[in-house]
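Peer 1: Sharing a structure here in structure tokens format.
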Amino acid sequence: MTVISILGFILIIIGLWGMLTQKNIIKMIIGFSIIDTGLHLVIVSIGFIKGRTAPIISKAVEGLDTGKNFIDPVPSALVLTAIVIGLAITALMLVYAVKLFRFKRSLQIEDFEELKW
Amino acid sequence: MNSVTLILIGNAILSLFLITIWGLTLNGMVMKIVARVHGRFGPPVWQPFLDIIKNNAKRTMIAHGTMFFLGPVFRIASGIGTYLFIPAIFGSTVFSNFSFSGDVFLVMYFIFFGQLGMALGAGESGHPYSPIGVSRGLAQMTAFEVPFSLAVISLAVQYNTLSITEIVAAQQGSILNWTIFTNPLAAIAALIALLGMNMHNPFSIVIAPQEIPIGPPTEYHSAYLGMLQTNRAIFNIAKLVLYMNLFFGGATNFITLILKTFLIYIFTSVAVGVAFPRFRTEQSIRFFLKYPALIGLLAIIIVSIK
Amino acid sequence: MSLIIIIFLGIIMIAAAVLALYLKNLVAAIISAGVISLLASVLYLFLAAPDVAMTEAAIGSGLTTIVFLLAFNKIRSDRED
Amino acid sequence: MVNPIYIFITSLGAAFLLNLFQKINRKIADLIFFLTLAVINYISLFWFYQLLQGYEAAKIYTAGFLPPYSINLYLGIEEAVFLVLINLLGFFSAVYLYKKFREISIKAMILYLVLIMGLNGLVMTRDLFNLFVFLEITSITTYALISLEDNKYSLTAGFKFIIAGGLVSTLFLIGTIYLYRLGGSLNLDFLVNSGVLNTKAGILATFLLVFALLIELKPFPANGWALDVYQSVHPGIAAIIASASSAAIFFVIYKFIPLMPSSFLPLLAGIGGVTFVFSNLMGLKQTDARRLLGYSSIAQMGLLLAALALIMQFDNLQSLSSIIVIIGGLFINHFLAKAGLFWLAGIVQKRNIRSWKIIANNPPLLLVFGGFILALIGLPPFPGFWAKWELVMQLSANNMMVWVWIILAGSLLEAVYLFRWFGYAVKNTEVEEIRTEAAQYLPVLIFLLGLLYLGMEGTHLVSGADSIYVLPVLLGVILYVLNWLPNKLKGSLCLLAVIYFSYRLLPALQDIYQLFGVVFLIGSAVLLITTFARKDIFKGFYPLLIIMILSLGNLLQAKTSLQFFLSWEFITITSYLLILRGKFSLKAALIYITFSLAGAYLILAGMGLAFRDTGVVSLAGLASIVNSGYIYVLLGLGFLIKIGIVGFHVWLPGAYTEAEDDFTPFLSAVLSKMGIFGLIMLAILLGEPVLKGIQLNYILGWLGVLTAFFGALLAAFQEDIKKLLAYSSLGQLGYIVLALAIHSHLGWVTSIYLTFTHLLFKGILFVAVAGLLSRVKTRKMYEMGGLINNMPLTFISVLIAIIALSGVPPLSGFGGKWLLYSSLLEKGWYLQAGLAFFASTIAFLYCYRILHSVFLGQPKTALRDVKEPSVWYIVPQYLFLFGIMAISMYPNLILKPVMSAVSTYFASSIYWEDYTVISSLGYWNGNAVMMVTMGVFMIPLLWLLFRIKAVTKVKQFNIVYAAERPDRPETTHYAHNFFAHYQKALGFLARPKVTEFWGNIAEVIHSVGALFRQLYTGNGQTYAIHILIFLLISYFILGVK
Amino acid sequence: MAKRFITLLLIALLAYMFLPFIVEVDETSQLNRVAEKYVTAGPLELGAANLVTAVIVTYRGLDTLGEIVVLFIAAVGIGFLLRKPSKKKIAAPKRSSSEILRTGSDFLIPLLILFGVYIFTHGHLTPGGGFQGGVVLTSAALLFMLSNTEARFNKQLTEVIESVSGIFYLIIGILGLILAGGFLDSRFLQLGEMGRLFSAGAIPIIYSIIGIKVGMELIGILEKLRKEEI
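Protein chains in written order, with the working numbering: chain A, 15 to 131; chain B, 24 to 329; chain C, 258 to 338; chain D, 75 to 1115; chain E, 2 to 231.
Rendered as structure tokens:
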């Protein structure tokens, strides 16, 4: 469904905007998770075929040609993996935020510029 | 040693002897003339002879070391050598000296032999005025050698040879064949250089008698000084003979030689030397590197275009 | 019909996203971000992907929000010390 | 057959087990850890070996379905190479990190194992999404391992890394999913010809994929985060990131090449090139060792990327072995050297590169450090050298000269900062010790040995190479091992080796080559005697020296341009290292190596052009080139820089002056002739080339005479005796070049004659100065004086050498002058002759100055009791002196062989009559001149000797001083600023304009580097914006339609 | 402000760059080759009713293993990052949880665990599977944490379960390699009758292991975030 992929891209853009402009590290991470959500929407929307159902064999689809009635299961499978990985990364980023806060008592990204040039 | 060599050596000694006499006389004459121009009476013409005899007869000498001792030797060896490498009289066996050893470049470089040796001797004397004089002399030398070398190159191009004998040969026949007429620019450049070479005014800063008493040879006396004075005669005449050969058609007999060298010397020491005040070192360097050098360059360019 | 619902949800999601970025209160921002995921899981149902919907609801909106809150809590407790 | 899938199974199993064992038994856990690494090494090595034997590549289908239905892995020879390297690094890095791991947490080991596994996965997988998963595995483990050093620096860097990584994975995933949508598969092999590239969206998807990976390779300017990471993480981890991770990502990009549209390749090459040049540019100002390594890593990966992208664009690739040499060489070189250097950085523990001087206390470490630096710069005998050579050759053959310049420029910049760093390390002034543990040192050493071994192997792969360099290096190693021998014995061995080598080599050489052989080898042999006087035992001295001398010989017997260049580089490196030994030679050595390398790169480029035109690397092939002007200019300029021609002479005085006193003679008397040899060889092969209507030899002639002039002039104004002689050398070389440029029989005779005489008198002078300085602890001439009585032997040899140098008859120098003017006039170069004459008169100024200021005049109180230097200084002087006297008396001793050698190439224009040599213009009888001079010298001398009884020897200070008599002799020595008036008159010509010019260039380059590195603000968000900009610019440059 | 403007511009350009994905890529109406095969042959080959599960567990099993590894290393990594406790002593929770929560959770936790187990054991039949089930297990644990703020999980136990299940996963993978077509091939067990709990080869077993492992890993992450090791 194109609408949903557009929505996905809009979320990606908004998330990116947040990640690039928010000074607070937590907000940056929120931006990142918005990107993730948008990305997942895009991926799933790729696999959708209008008028078809989830690729689960049940009474309802018995006897029908599965090849003509199911949506693509691959994007769904990929997104499952992506969601879990996204969680792992988000968790790690948050732990980094915790650690960084301990060193500097700050969550402002500009306060972490000792290394440069 | 075979007879050819012995004859060569005999001839050279004869030639050298004659030229020494003439050189000393010339010095005496010029001293007299300069004095007269200055309005002084001046020493007798044979004064150089007396000086040499007196100095060599002195009973004691002081030596500051080996190089000091050898300095005058270098100097006079260079004077004699320079002369001996020049064919003094065109066509004469006696006066052709050892000119078979090398060409005009040999002569030009052999002049340095004595200057370097003398400078070393003077250096060892430990007298600060000596190196000051040497420093000035060397500096000035680099400058006046420029127009001179340019002139020589111009000549080499003009005559297509470096052999002095052949250069002289090419000038025979008419007075108009002399280089001074066929290649006047080269001659002018070289003659200006000669002023520096002779260290007469305005280029006498090297020996500046009032400031650094006669410069490099300050510490020399008695037999050393005698040797230096002898050299002054021989070396002087060697240069004059070289000029005569290069620019004034050479000489076919001893009389011409005497005449020509006398006239060239008079020109440099009297006509110019008396009339100008002394240059400082850097002034004389700049002087030589400007117009004389330019004239020398022009001489080369004109010759090579021909 | 479903298109209207989708667009409606989409607008809410975008609004939630903007809120998540610009709310001063971090907890509210975090929850706002969770709402996006939650609504996304509804959208997955429209896309015939119930597996994804479940996962997104459980992990994307549930666990992620909790992790955010825990981490934030940690920072807050560090700050108070 | 072990299924490669066991790499994953073992590492994961071990990771889970370690998690289980962490509380139970640490020892077992450690054992499991190393065992696992060993097993995956075994598997990859096993496959590597099998594949080398020609076995079929391993295709692994997981889940039992064929691709594209399931994820498949592939293990071919290329994969195997990368796996072996990654796993070896994994193992040794683990050894290196073990102590740290033990200290901190077993979790680090788990993460580490999974990281290595992830890298293996990246290399092997053929599935896009699987690639993404492995990418995330490696990223997450890296993020976590970054905190191995738990400080705010590493964590800030880590966070920046995570931001970049997040962007990368987003882009990658978008690309992947759209490729799946458009290509109908996630499998790389099935996507290749699926028609995805027919649509803009497909190209865009591919673009996103490739560029996401590219960002992981840290291209300029999207790499700020990477630098911070390199700077702050534990060096063991940095080694993994810089080498193993980069390698894996690089391989992934390589895998993707078939998928890319052809328009990507130039862009990738461009990005690689820009990264290479700019990273090196910015590295110039860097003082933090680890960040410096970061810049270098990034640059190297850029180079690798550029090389790969360029090679893929070649229409006619010579052979597979070229690809292996170029990519393999560059890659392995970077891989091993960078890992080694990061490890070293961990051992040394110092951040600032200036503080690395402590490494000098630890010779093995210093040796290793030097090895890695050389390898990284791409100098022989390391693989990078072959790679750069082959790359330049192939680029030239494919008419990509711009790329040759880009790569050479970048390499030069890199060399500058690496050598600067190395310089700091060599200069030891501190006593602080470095704590080394075998576990840390061993991996470093093994990697260096690996580099050396692979470098040797490279010899077989590159066309035109052979093991010509092995003998010198071998002898060097032997001498290094024999370091415990007494100094004189080592020196004697060295001398024997040189003599034996000459005995074997010289008869095999032809005409001019043979003459240069005599200069190089016999000259060196004589100079070697000087080194017997050494007291301090510096380990590397004789090894380096023997490599240098024998390489000089190799230069002569080189048949291919590669052999020539190889020997050339060996000489450059060894001489640099020897110069660096000087006490204050840091800056001078750096300038020396910079100019030398620039020259070498010009030569390399020229040889590349020659290869393009001839298709062969044989030197003789050069002769067949029709339009050889460009080649002549490039090679010629390279040689001239080595000579120190005016304009490029700024390295020369410093290097000569600051090198150790007994090494300077080699530099001046022997090494300076290699440039001359190069020029002659060039002239033999190319004749008199014309470029755009300009006679190049004419320019060469003017360059020569200007060098002679400025060399002499500058020498006259020096107070430092070595600097004076250095400038004097420069001037003399100018004459040699001038004569060479005449390109006639007489000209070449002159040139070679001057080469010989210069060897003799400069040998004497520099050895004498070395002896002098061994007694007098100053180089300032005005601080000496009156030493004639203290060291008469030295004085005599210096005197003779000076007379020979100045060209005053009767000594051999005059022969050179006479030949020079004769040939110049014969050629019609009158103005050059005039200027040469002027220069030679100026030479008198400094000639006198040396003799007077040092040996004559009033002695200094402090130096009253100095003695004649050690006999080892005297012997070589007198050997040379004997040579001077012999050829002064009998010039035909040398002139005859020179003339006959030259007549191979030109019809003779001079002939002999007894002892008289006669040219078309003049004549010269050296023997007669000598006789006459001796005669006229003897007569007055005898007279004076006759009067000797009247002579009283007095003290030096006993002088006739008018009116004002100074009370101390030392104030009476007129020596300081001896030619003040000359300075007034002509000093404006001696102003260091050229030095200023190069100084300004260096400064501009440094400040440009400093300007660009302002990009790296340290803000993680800014870095993310850089990534975005990079992506967008790349995309719009690509102009997808 | 300038920086914001530039960022805005860049993001706008990025959006423009993404445009072809929206404009050129229309909705498909048919499955591609790979999906076609999964949908048509999948049920026969693997015997799983839920084809997404079939793809996740078997066809793309390596990805799933990787995913498990990602969670595993995230858990380990978080533990590694937080290895040094905060300098301040860990503040005791200010108040214990309410009575209602505690009683409610005592009732809910067993139900949640049961529900989680159901989800992952029926992954091959109904929507959901190991991940979802694992998360449900985690939520049970979370509830426990909320109601018993003082209590700490037996860390050893979760870790042992996690590791052992990981190793089991690998063993099953190897069994696939040895007994069936390749690593992680689920067909080394009988496919059975579609729709039954014990069908679809090893898929339910694998998914259960995944469920347990994911649950333990997530609990580990939450626990580490909640309280640090000392």
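A virtual CB, placed ideally from N, CA and C, is assigned to each residue, including glycine. Note that this is a predicted model, so its numbers are computed, not measured.
7 Å is my cut-off, CB to CB: does Phe311/B come that close to chain D?
Peer 2: For Phe311/B, the answer is no, since every Cβ of chain D falls outside 7 Å of its Cβ.
Peer 1: Would you be able to state if there are at least three C-beta pairs under 8 Å between the region 122-135 of chain D and the region 144-154 of chain D?
Peer 2: Touching, per the Cβ criterion.
Peer 1: Would you give the residue range spanned by the alpha helix (DSSP H) that Lys101/D belongs to?
Peer 2: That run of the alpha helix (DSSP H) goes Arg100 to Leu126.
Peer 1: Is the distance from the Cβ of Arg301/B to the Cβ of Pro239/B below 7 Å?
Peer 2: Result no, Cβ atoms of Arg301/B and Pro239/B do not sit closer than 7 Å.
Peer 1: Just to check my reading of the structure: Phe840/D and Ala743/D have Cβ atoms closer than 8 Å, yes? What is that Cβ distance to the nearest angstrom?
Peer 2: Sure, about 7 Å apart at Cβ, within 8 Å.
Peer 1: Please tell me whether Val71/E has its Cβ less than 7 Å away from any Cβ of chain A.
Peer 2: Val71/E counts as touching chain A.
Peer 1: In chain order, what residues of the same chain lie with their CB nearer than 6 Å to the CB of Ala92/E, ignoring the 5 residues before and after it?
Peer 2: Residue placement at Ala92/E is flagged as unreliable, the pLDDT there being 49, under the threshold of 50; the coordinate-derived value follows with that caveat. The answer is none, since no qualifying residue turns up.
Peer 1: Look at Pro142/A and Val53/E and say whether their C-beta atoms are less than 7 Å apart.
Peer 2: Given a span of 15 to 131 for chain A in the structure shown, any question on residue 142/A remains unanswerable.
Peer 1: By the three-class DSSP mapping on this structure, what secondary structure does Asn79/B have?
Peer 2: Three-state DSSP puts Asn79/B in a helix.
Peer 1: In the DSSP assignment, find the unbroken alpha helix (DSSP H) run with Tyr1097/D in it and report its ends.
Peer 2: Element bounds for Tyr1097/D: Gly1094 to Leu1112.
Peer 1: Assuming Leu256/D and Val71/E are in contact, meaning their beta carbons sit under 8 Å apart, how far apart are those beta carbons, in whole angstroms?
Peer 2: 27 Å between Cβ atoms; not a contact.
Peer 1: When we look at the beta-carbon of Leu570/D and count the other beta-carbons within 10 Å, is it buried (16 or more) or exposed?
Peer 2: Per the 10 Å Cβ criterion, exposed.
Peer 1: Does the region 779-791 of chain D come close enough to the region 744-753 of chain D that 3 or more CB-CB pairs lie under 8 Å?
Peer 2: Contact between the region 744-753 of chain D and the region 779-791 of chain D is absent, because fewer than three Cβ pairs lie under 8 Å.
Peer 1: At what residue ranges does the region 184-221 of chain D contain a whole run of the alpha helix (DSSP H), taking only runs of 4 or more?
Peer 2: Correct list: 202-220.
Peer 1: Is Ala86/B helix, strand or coil by DSSP?
Peer 2: Residue state, collapsed to three classes: strand.
Peer 1: Against chain A, which members of the region 298-332 of chain D pass a CB distance test of less than 7 Å?
Peer 2: Answer set for the region 298-332 of chain D: Asp302, Gln305 and Ser306.
Peer 1: Just list the alpha helix (DSSP H) runs in the region 82-164 of chain B, keeping only unbroken ones of 4 residues or longer that don't cross its boundaries, in chain order.
Peer 2: Segments of the alpha helix (DSSP H) lying fully in the region 82-164 of chain B: 89-107 and 127-147.
Peer 1: Does the contact criterion of 3 or more C-beta pairs under 8 Å hold for the region 294-307 of chain D versus the region 368-387 of chain D?
Peer 2: The region 294-307 of chain D is in contact with the region 368-387 of chain D.
Peer 1: Compute the beta-carbon to beta-carbon distance between Leu382/D and Phe456/D, rounded to the nearest angstrom, for a pair I have assumed lies under 8 Å.
Peer 2: The Cβ separation is near 20 Å, so there is no contact.
Peer 1: At a Cβ threshold of 7 Å, is Ala142/E touching chain D?
Peer 2: Taking Cβ atoms only, chain D never reaches closer than 7 Å to Ala142/E, which makes this a no.
Peer 1: For the region 311-337 of chain C, enumerate the residues whose C-beta is nearer than 7 Å to any C-beta of chain A, in chain order.
Peer 2: Result list: Thr312, Glu313, Ile316, Gly317, Leu320, Thr321, Val324, Phe325, Ala328, Phe329, Lys331, Ile332 and Asp335.
Peer 1: At 3 residues or longer, what runs of the beta strand (DSSP E) sit wholly inside the region 953-1036 of chain D?
Peer 2: Counting whole runs of 3 or more residues, the region 953-1036 of chain D contains the beta strand (DSSP E) stretches 985-987, 990-992, 997-999 and 1025-1027.
Peer 1: May I ask you to verify whether the region 878-891 of chain D touches the region 833-848 of chain D, counting CB pairs closer than 8 Å and requiring at least 3?
Peer 2: Touching, yes.
Peer 1: Which residue marks the beginning of the alpha helix (DSSP H) containing Lys133/D, and which one marks its end?
Peer 2: Segment Ala132 to Tyr135 is the beta strand (DSSP E) holding Lys133/D; no alpha helix (DSSP H) there.
Peer 1: Go ahead and pull the three-state DSSP assignment for Asn51/E.
Peer 2: If DSSP states are grouped into helix, strand and coil, Asn51/E belongs with the strands.
Peer 1: Quick one: what's got a C-beta closer than 7 Å to Gly125/B's C-beta in the same chain, skipping five residues either side?
Peer 2: These residues qualify, in order along the chain: Phe108.
Peer 1: Among the candidates Val264/B, Gly88/B and Phe171/B, whose CA atom is the shortest distance from the CA of Asn276/B?
Peer 2: Checked all of Val264/B, Gly88/B and Phe171/B; the closest Cα to Asn276/B is Val264/B.
Peer 1: On the criterion of 16 or more Cβ atoms from any shown chain inside 10 Å, does Ile328/B qualify as buried, or is it exposed?
Peer 2: When all chains shown are included, Ile328/B counts as exposed.
Peer 1: Determine the DSSP secondary structure at Leu147/D, reduced to helix, strand or coil.
Peer 2: Looking at Leu147/D - three-state DSSP - the assignment turns out to be strand.
Peer 1: Going along chain A in order, which residues have a C-beta closer than 8 Å to the C-beta of Ile203/D?
Peer 2: For the sequence presented, residue 203/D should be read as Phe rather than Ile. Under the 8 Å cutoff, chain A gives Leu92 and Thr95.
Peer 1: Would Trp131/A pass as an interface residue toward chain D - the criterion being a Cβ-Cβ separation below 7 Å?
Peer 2: It does: the Cβ of Trp131/A has a partner Cβ on chain D nearer than 7 Å.
Peer 1: In chain order, what residues of the same chain lie with their CB nearer than 8 Å to the CB of Tyr543/D, ignoring the 5 residues before and after it?
Peer 2: The residues are Pro454, Pro455, Ser625, Asn628, Leu640, Ser641 and Phe644.
Peer 1: Would you call the region 184-201 of chain B in contact with the region 117-136 of chain B, where contact means no fewer than 3 C-beta pairs closer than 8 Å?
Peer 2: A contact exists between the region 184-201 of chain B and the region 117-136 of chain B.
Peer 1: Within 10 angstroms of the Cβ of Ile1022/D, are there 16 or more other Cβ atoms? Answer buried if so, exposed if not.
Peer 2: Its Cβ having fewer than 16 others within 10 Å, Ile1022/D is exposed.
Peer 1: Compute the minimum distance between the beta carbon of Thr312/C and the heavy atoms of the ligand SAM, and state whether it is under 6 Å.
Peer 2: With respect to small molecules bound, the structure shown includes none, and the ligand SAM cannot be examined in it.
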